[in-house]
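Residue numbers (the numbering used here): 6 to 339.
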């Protein structure tokens, strides 16, 4: 039998029989491995034609971090011993700020990313040598965007338990999600994005620049299945219907069009959670449909992060509490 649900109070605005929050009580320390990506797919005209998937050569990073209340700091680096010999894929220069914030009632995803240098996956696709990757140091992909979703059942469902590790979901629960998103992106290259040897297979042949703007509402659902109070599987899916503008440029000039296309934002996490420890694997990914003039098949942008995390709750001592006092004051003003 379960204890009766606790009514919200000034101190507790959630049902403590469903999840427990450590915000303001502990420091959540974490050790993790993570890898981010921003990829571009050029869709095929038929099933017999291979899909062109340009991916960056990003590093697998190892890092540490801490969360106190709603403040998080993570530091990570792509050490050489983790990444092996990746030179055959070519070098990607990139700077990105991909963030995912999880509040009690809202989740936010924001993107400010600059990538240059992409290769086709798998090896040999588009390359005259089947043992080499087709690498394009000239391809650039810049993306800016924001997505915000209201968590309607915040009393019983916690995103933070799976994604931030500063809460503990003890009973299965889910929530509908309502919100919207906005994005602007540009893909640019010195020559056509489709390899010359494969140009006749794609309607996007000759296109070397693609710009897009997308905005629209979305809805979704998130659910955490809890087994034996500690083991969990979290999954969520947001479907968005966006009004979009797309401009394509080739050697003859530019054309643009408006269209309505779907976007999908999904999150998956699984692992073990308790009052002291959290160990999990998580994946957050955004799939953006980009429909141009050259082809209704168009392009697909994929942005995401994969992470493995080991986290522990630490009780701050008197000295730590003194250092954290400014954060307590900031949280009290919210």
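We treat Cβ as the ideally placed atom computed from N, Cα and C, and that holds for glycine. These numbers come from a predicted model, not from an experiment.
Host beta strand (DSSP E) of residue 205 (start-end): As a working note, residue 205 is residue 200 in the chain shown. First-last for residue 205: undefined, no H or E at that position.
For residue 333, the first and last residue of its enclosing alpha helix (DSSP H): The residue labelled residue 333 in the question sits at position 328 within the chain shown. Taken as a continuous stretch (DSSP letters only), the alpha helix (DSSP H) holding residue 333 covers 323-338.
Environment of residue 86 [buried if 16+ CB atoms lie within 10 Å]: By one-based count along the chain shown, residue 86 stands at place 81. Residue 86 comes out exposed.
Host beta strand (DSSP E) of residue 178 (start-end): For this step, residue 178 is matched to residue 173 along the chain shown. Counting along the chain, the beta strand (DSSP E) containing residue 178 begins and ends at 178-193.
Sequence-distant residues of the same chain with beta carbon closer than 6 Å to residue 180, five excluded per side: Position 175 of the chain shown, counting from 1, holds the residue named residue 180. Contacts found: 156, 157, 158, 162, 227.
In chain order, each beta strand (DSSP E) run of at least 3 residues that lies wholly inside the segment 213-266: 214-232, 236-255
Cβ-based neighbour list, residue 345, same chain, cut-off 7 Å, excluding 5 preceding and 5 following: Beyond the ends of the chain as shown, which are 6 and 339, falls residue 345; an answer cannot be given.
Beta-carbon gap between residue 195 and residue 143 smaller than 9 Å: Reading the chain shown from its first residue, position 190 is the one you call residue 195. Reading the chain shown from its first residue, position 138 is the one you call residue 143. Going by C-beta atoms, residue 195 is nearer than 9 Å to residue 143.
Candidates 24, 132, 65, of which the one nearest residue 59 by Cα: To locate residue 59, count along the chain shown from 1; it is residue 54. Comparing Cα positions, the closest option is 132.
Cα-Cα separation between residue 189 and residue 234, rounded to whole angstroms: Here residue 189 refers to the residue found at position 184 when the chain shown is read from its first residue. Here residue 234 refers to the residue found at position 229 when the chain shown is read from its first residue. Cα to Cα, the separation comes out at about 42 Å.
Simplified DSSP assignment, three categories, for residue 113: Sequence index remark: in the chain shown, residue 113 carries index 108 (1-based). Strand at residue 113.
Secondary structure of residue 348, DSSP reduced to three states: Absent from the structure is residue 348, since the part of the chain shown begins at 6 and ends at 339.
Endpoints, alpha helix (DSSP H) assigned at residue 87: Residue numbering aside, residue 87 sits at position 82 when the chain shown is read from its first letter. Residue 87 -> alpha helix (DSSP H) spans 85-88.
Neighbourhood of residue 14 by C-beta, 6 Å cutoff - its chain only, sequence neighbours within 5 removed: Taking the chain shown and counting its residues from 1, one reaches residue 14 at position 9. Unreliable placement is indicated for residue 14, whose pLDDT of 44 sits below 50; no coordinate value is reported for it.
Continuous beta strand (DSSP E) stretch holding residue 141: start and end: Numbered from 1 along the chain shown, position 136 holds the residue referred to as residue 141. Residues 140-156.
Backbone secondary structure at residue 320 - three-state DSSP: One-based indexing of the chain shown puts residue 320 at position 315. Reduced to three states, the DSSP call for residue 320 is coil.
Whole-angstrom distance between residue 37 and residue 266, CA atom to CA atom: Locating residue 266 in the chain shown gives position 261, counting from the first residue. Locating residue 37 in the chain shown gives position 32, counting from the first residue. Each residue's Cα considered, the two are about 35 Å apart.
6 Å Cβ shell around residue 325 - same chain, five flanking residues per side excluded: For this step, residue 325 is matched to residue 320 along the chain shown. Taken in chain order, the list of residues that qualify is empty.
Residues near residue 207 by beta carbon distance below 8 Å, same chain, minus five either side: Reading the chain shown from its first residue, position 202 is the one you call residue 207. Within the same chain, residue 207 has close Cβ partners 47, 49, 50, 54, 57, 199, 300.
Three-state class that DSSP yields for residue 118 in the structure shown: Within the chain shown, numbered from 1, the residue matching residue 118 stands at position 113. Three-state DSSP puts residue 118 in a strand.
Which of helix, strand or coil DSSP assigns to residue 92: For the purposes of this step, residue 92 is taken as the residue at position 87 of the chain shown. In this structure, residue 92 counts as helix in the three-state DSSP scheme.
Bridge partners - residue 314, DSSP secondary structure assignment: If you number the chain shown from 1, residue 314 lands on position 309. For residue 314, which the question treats as bridged, DSSP gives the partners 37, 285.
Beta-carbon gap between residue 178 and residue 278 smaller than 9 Å: Along the chain shown, read from residue 1 onward, the residue named residue 178 stands at position 173. Along the chain shown, read from residue 1 onward, the residue named residue 278 stands at position 273. Not a contact, by the Cβ cut-off of 9 Å.
Residue environment, residue 295, which counts as buried when at least 16 other CB atoms sit within 10 Å: Mapped onto the chain shown, residue 295 falls at position 290. So residue 295 ends up on the buried side.
Length at least 4, wholly inside the segment 17-66: the alpha helix (DSSP H) runs in chain order: none
Assigned secondary structure, residue 165 (DSSP; H/G/I helix, E/B strand, else coil): By one-based count along the chain shown, residue 165 stands at place 160. Three-state result, residue 165: helix.
Start-to-end residues for the beta strand (DSSP E) that takes in residue 172: Counted from its first residue, the chain shown places residue 172 at position 167. Residue 172 -> beta strand (DSSP E) spans 172-174.
Under the three-state DSSP convention, the category residue 81 falls into: Here the question's residue 81 lines up with position 76 in the chain shown. Strand, per DSSP.
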